[in-house]
Each structure stands twice: as structure tokens, then as C-alpha cells.
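See below for the structure under consideration.
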Amino acid sequence: MNIDDVRLSADLSKITIDDKKIDSYLTDMQDILKFIEQMNAIDTDNITPMAHPFDLSQRLREDKAVAQIDRQILQSNAKNIENGLFLVPKVIE
Amino acid sequence: MHTKSIKELHKLLTDKKISAVELAQHFIDRALKHNPSLNCYINILSDEAKQQAKIADDKIFKKEGSLLTGIPFALKDIFCTSDMLTTCGSKMLSDFIPPYDATAYKNLKSSDMVLLGKTNMDEFAMGSSNENSFFGCVQNPWDLDCVPGGSSGGSAVAVAGGLSPVAIGTDTGGSIRQPASFCGITGIKPTYGRVSRYGMIAFASSLDQGGVMAKSAEDCAYVLQSLSGYDKKDSTSMPEDVPSYTESLNNSIKGKKIGLPTEYFANLDDDLKQIITTQIKEFEKLGAIIVDISLPHTDLSVPAYYVISSAECSSNLARYDGVRYGYSAKNPKNLEDLYLKTRTEGFGDEVKRRILIGTYTLSAGYYDAYYIKAQKIRHLIADDFNQAFAQVDILLTPTTPTTAFKKGDKQNPLEMYLSDIYTVAVNLSGLPAISIPAGFHQKMPVGMQLISPAFCEHRLLNFAHMYQAQTDHHLQTPSQVPQEKIL
């Protein structure tokens, strides 16, 4: 991992890392990745990956609309709403 | 009053020696008095507590109450509470008022328990010391210069300091058990899927699980009973029957096999090893058979955990965009700028670090080498436990490699991650585990962990209760918080 990888990960994550802090982020992340790479000490070619702790699939529900929380209440935490819509800065000028 | 068990408080309430309103007021008074030094509550809910206590008193008067009616509790500020601030220890949610209740909270309200306040925590539950909270570090009541552990440090301190008889926490990699161990209380992390995650703000969805922190296994049993159960609103909730956790508390453990995983003791500090070895003899006195066992992939659990949890964190925290709820940066130049400023200003350093690691390990070219590899290791770790439980009824380990450390001692993130070395494998495998007080080292509490097969919380509580019935480590209280007699 190098500085460019940190910048790319930050860009993908929509986070800005201050230039003054970027070296410290790089050092921490390099240490963490080096530690994580201990996993390479064993061969896992014939092991299946496990995403769920009991190796189960996600349970699905019927695709049917159900009564949910009132729209106005749901939007009460938004900073900018108008006529039931969320307002954001203009995307296309 | 604040050192009494739930059963004792219930008796006082039903015998009319105290009302639920008076009981809530007692704990609110203690919280208001000691929170400035302990900082375990983000929000003390005096008015709401009195309202809920009045309802409980009415039920008690009509003899319609349960054992939990009128019992006060504290709730980690990761659980949504409608019309009450829910911050998750973050600037990002510092003004967030959820439009609904978490199922876990709803269940406790249905049992007529009384919410005293929302407890402090590491931001988005990411941390092992509670130093990552936007609302400041929590102090350990056994030594105010020491951390309480994390991320449920506020909940642990509320119980240890006598600011609540019981508290609810969450555990993604040890966040109930590690602070329970550091603060000298009992903390149970149930099986993945046992307690609903609906309304529990997500950190790592395949690992997060809510649970109980209290003075004893018996108190944990009463509250876990109310907290547990299938919830159709949570697609990861498991439809398993919930047995009675209290009926089996006093079952004999004679002839039961306790496995000691050699990997968990190999590098343990000699003094802690000595303390835990002495406590293992208490289980032998109860007739349990102690056997050595191996969990060979233990040393890979922390690396696999930090890949999986960071990947899930990066995905889950993508929702914080400054548009729908939570912190929103001022005067953005455009939509991209709104996202960037909101997330840069709203998240703390540790959360950003984990998002970046998660994003990196999920990105093209690295996905197989890190994320898929970690999921394969997870399979091996789960298999280790399955094989162990074919030979023994329960596993016994230390909860943490050290007692509570001093604030500021672990500046290096990796060093902090290693404090979870004995707890994360349980989360990767979805198993239940409990930390119980096992004694003291240099005046600081030492914890001991029991691990059982999935959905066997009753077995954990039984073993822990039988141990606590003949020991008194769980009854010790810290002298840093005065035990004044108000009632």
C-alpha cells in the first residue's frame, strides 16, 4: 500500500484525508495490512468462504408492500426537504 | 439499593417497600451525581424514566407486573429510541432522533422496565477502550485513569458504578465481554440472531449482536429472556425457540466437560493465568471435568475479524451522506462536496481508518486476497469450535489478555485491536459467550469467558450462576464511586 492507495480508498469512501494526516494513515494502514497478511500462512484453496456465521443464506420475505412509518415522520431528520422530497445541491448546472 | 439484585428489587417493589418511581429516582440521582466524573451516560432521561415508572407502578398495584416490571435499565446509545436522541457516540448522529424503536428496546418496554438513559460508547461501536466517543472517554470506576473497555464501556460503567442495575450493550468483536471484564461485571453476548438487530445501528452486520450486562448471571438471565426472540423485521433474526433461562440456572454441572483451549492460555500473562487457573478449581469443586482442547486457527481470528468487520463497516456506513438524516455539512459547492464534507467532518479518525481499510480490501484486485481469504479463515475457525463441542460441553478462556489499561496507553491502532484476541473468534462463529468476574490483579478486575454451542445461552448462564453461587468476585464494588445510602 502506498500514498496513492490511501487517496484512492479515501476517494472511493467519499472521505477527505488531510495532507498533514495522510502519512500517519498510511503507516497505520500498512501495519494493519501487514498484520492481516498473516492469513496467507495457511492454504485455504479447498475451503469455501463463509459470509454468514452459520453458513446460511439470507432469508427473504415476500415481495409485498407493507405499512411503514409515515413519510413525514421519516423525513423529520432531514435538513432540507420540500413537498416530501429531499433537497440536495444542484447536480447539473 | 444500587447493589441489589433484580430479584431483590422486584421483592421490594411488590412488597411496596419502594415504588418504581422512587427506585428510578434513586438511580437518576446517582447518575446525575456521578456521571460528571464517569461520563457513562450520553443522555440521562429523568422525565421519561419517571413516566415509564408510573406505568410500572400502576401495573404492580394491579398485580399485572412481571419480574422485570419497574426494574430500571440503561441502553447503549446504538439502539434507536423513538423521540429520544440516538447518537451512536458519533458527531454524525449527534442530533438524530429516530422515528421508531429498536425491537430490543421495545421488548424491554413490553416487560415494563424503566429506561434511565442512553450510554456512552466508542463511535459506531468501533473501539476497545471507549476513547473513540465523540462525547468523551468513559472512566473506569475501579481506577479513573483507566479505560472501561469498549465499545459498550458506558453500559459496563453504569452497572459497575451502581448507576443502573442492568444495561444493554452490543458485541461485534467483544464489545460486551471485554468491558464487562475490565469493569468487574457479568456480560453475555448471545448467539448471532438471538436478539433482534432491528433498530440497532449497524457496524458489521454478520457479527453484531445485542446482549446484557449486569452484576450476575442470574440478572442477565432475567433480562435476556425478555430481550430474546425471533423478529420478522430483522432478516438475520433466527426462528429458534427461546428456552427458559432461569429454570436451568441451578442445574448441577457435575460430570459436565469444560474444555480449556491451549491457544488461549499459551501467551497469557503469568499472573492472570494463575488467577484463572485458581478459579477453574471452583468448577472442579462443582464436579465439572476439565480437559485440554485445541482451537488451532485461533491466531488467525483477529486478522480475519478486522478484514470482515472493516469491509462490512465500509459498506454499512456508506449510508451517511448528509441528505436524509444525521450531520450535514454547511455550504457545499455541489453534491459530491456535500458527501465529502459531511463524512470528513462527521466521522472520527478510527471510523475513517476502518472505512478506508474496508474499502481497500473490497476493491478490485484485492477482494480475493483479503475479503474472500478472511471468509475462508472464518470457516476454519467455526469448524474448530464445532469439533471442540463434539468433545466438551463448554469452553473456558480468559476474556482479555490484560486488565484495564491506562487511558492513552494504546496509541497504535493495531495494538488496540490485539486486546480483542480472546473475543473475536466467537463473533466470527456466531456463538454465545459470557464474561464473568474471576478476581482481581493489582486491584483491577479480571474476567473469565465461557463459550457454548449456538443457542445454548441457558448452559452459559447455568455454569456462570453455579460458579457465582460459591464465589463473591461479582459482588465486589469499586470504592471510587461512593456507595451512599439514599434509601
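Protein chains in written order, with my numbering: chain A, 1 to 93; chain B, 1001 to 1487. All C-beta atoms in this analysis are idealised placements derived from N, C-alpha and C, irrespective of residue type, glycine included.
Check	Outcome
What did DSSP end up calling Q75/A once you bin it into helix, strand or coil?	helix
Report the three-state DSSP secondary structure of A1438/B (helix, strand or coil).	strand
Please list, in chain order, all residues of the same chain as K1485/B whose beta carbon is under 6 Å from its beta carbon, the five residues on each side excluded.	Per-residue confidence for K1485/B stands at a pLDDT of 48, beneath the threshold of 50, marking its modelled position as unreliable; the derived number appears in the next sentence. For K1485/B, where only same-chain residues beyond five positions count, there are no Cβ hits under 6 Å.
Using a beta-carbon distance below 7 Å, is Q1279/B in contact with chain A?	no
L1487/B: buried (16+ other C-beta within 10 angstroms of its C-beta) or exposed?	Bear in mind that the predicted position of L1487/B carries a pLDDT of just 41, short of 50, making it unreliable; the figure below should be weighed with that in mind. So L1487/B ends up on the exposed side.
S1082/B to V1351/B, Cα distance in whole Å?	25 Å
Could you name the residues of the stretch 2-17 of chain A whose beta carbon sits closer than 8 Å to any beta carbon of chain B, in the order they occur along the chain?	D5, V6, L8, S9, A10, L12, S13, K14, I15, T16, I17
With 16 other CB atoms within 10 Å as the buried threshold, where does T1399/B fall?	buried
Work out the CA separation of V1307/B and L1356/B for me, nearest whole Å.	11 Å
What residues are listed by DSSP as bridge partners for G981/B?	As displayed, chain B neither begins before 1001 nor continues past 1487, which places residue 981/B out of reach and without an answer.
How close, in whole Å, do the beta carbons of I1293/B and G1255/B come, if the pair is a contact with beta carbons under 8 Å?	Contact flag wrong, Cβ pair sits at about 17 Å.
Could you check what DSSP says for Y1339/B in three-state terms: helix, strand or coil?	helix
Quick check: the stretch 1072-1090 of chain B against the stretch 1126-1146 of chain B, are at least 3 beta-carbon pairs closer than 8 Å?	yes
According to DSSP, is L1487/B helix, strand or coil?	Because the pLDDT at L1487/B is just 41, under 50, the model does not fix this residue reliably, and the value given afterwards should be weighed accordingly. Note: L1487/B maps to coil in three-state DSSP.
Consider the Cβ of G1430/B: report whether some Cβ of chain A lies at a distance smaller than 7 Å.	yes
Mind checking the stretch 1442-1474 of chain B against chain A and listing, in chain order, the residues whose C-beta falls within less than 8 Å of any C-beta there?	A1454
Nearest-angstrom Cα distance between D1058/B and V1166/B?	22 Å
As an exercise, report each continuous beta strand (DSSP E) stretch of at least 3 residues that is fully enclosed by the stretch 1013-1064 of chain B, in chain order.	1041-1044
I want to verify the contact list: residues of chain A whose CB lies under 9 Å from the CB of T1103/B, in sequence order.	By Cβ distance, chain A contributes nothing, its closest Cβ being about 14 Å from T1103/B, past 9 Å.
Among S9/A, D18/A, R7/A, which has the Cα closest to the Cα of T1344/B?	D18/A
Counting contacts by CB-CB distance shorter than 7 Å, is I73/A in contact with chain B?	yes
So, does the CB of N1334/B fall closer than 7 Å to a CB anywhere in chain A?	yes
When we look at the beta-carbon of E1123/B and count the other beta-carbons within 10 Å, is it buried (16 or more) or exposed?	buried
According to DSSP, simplified to helix, strand and coil, what is N941/B?	Only positions 1001 to 1487 of chain B appear in this structure, which leaves residue 941/B out of reach.
If the cut-off is 9 Å on Cβ atoms, which residues from the stretch 1328-1354 of chain B count as contacting chain A, listed in chain order?	S1328, P1332, K1333, N1334, L1335, E1336, D1337, L1338, Y1339, L1340, K1341, T1342, R1343, T1344, F1347, D1349, K1352, R1353
What residues from chain A crowd round T1359/B, counting only those whose CB sits closer than 7 Å?	S9, L12, S13
Does L1414/B come within less than 7 Å of chain A when only Cβ atoms are used?	yes
Is T1003/B buried or exposed, if buried means 16 or more other CB atoms sit within 10 Å of its CB?	exposed
Are the stretch 1374-1389 of chain B and the stretch 1266-1284 of chain B touching, with three or more C-beta to C-beta distances below 8 Å?	no
When you compare only the Cα positions, how much space is there between C1137/B and E1048/B?	25 Å
Enumerate in chain order the residues of its own chain whose CB-to-CB distance from A1125/B is below 7 Å, with the five nearest sequence positions on each side excluded.	I1078, S1151, T1170, T1172, S1175, F1203
Using a Cβ cut-off of 8 Å, pull out every chain A residue sitting near I1421/B, in sequence order please.	In chain order: nothing, as chain A lies at least about 12 Å away.
Residues in its own chain within less than 6 Å of M1113/B by CB, not counting five upstream and five downstream?	L1068, I1071, F1073
To the nearest angstrom, report how far apart L1227/B and I3/A are at their CA atoms.	46 Å
Contact between the stretch 1370-1380 of chain B and the stretch 48-62 of chain A: three or more CB pairs below 8 Å?	yes
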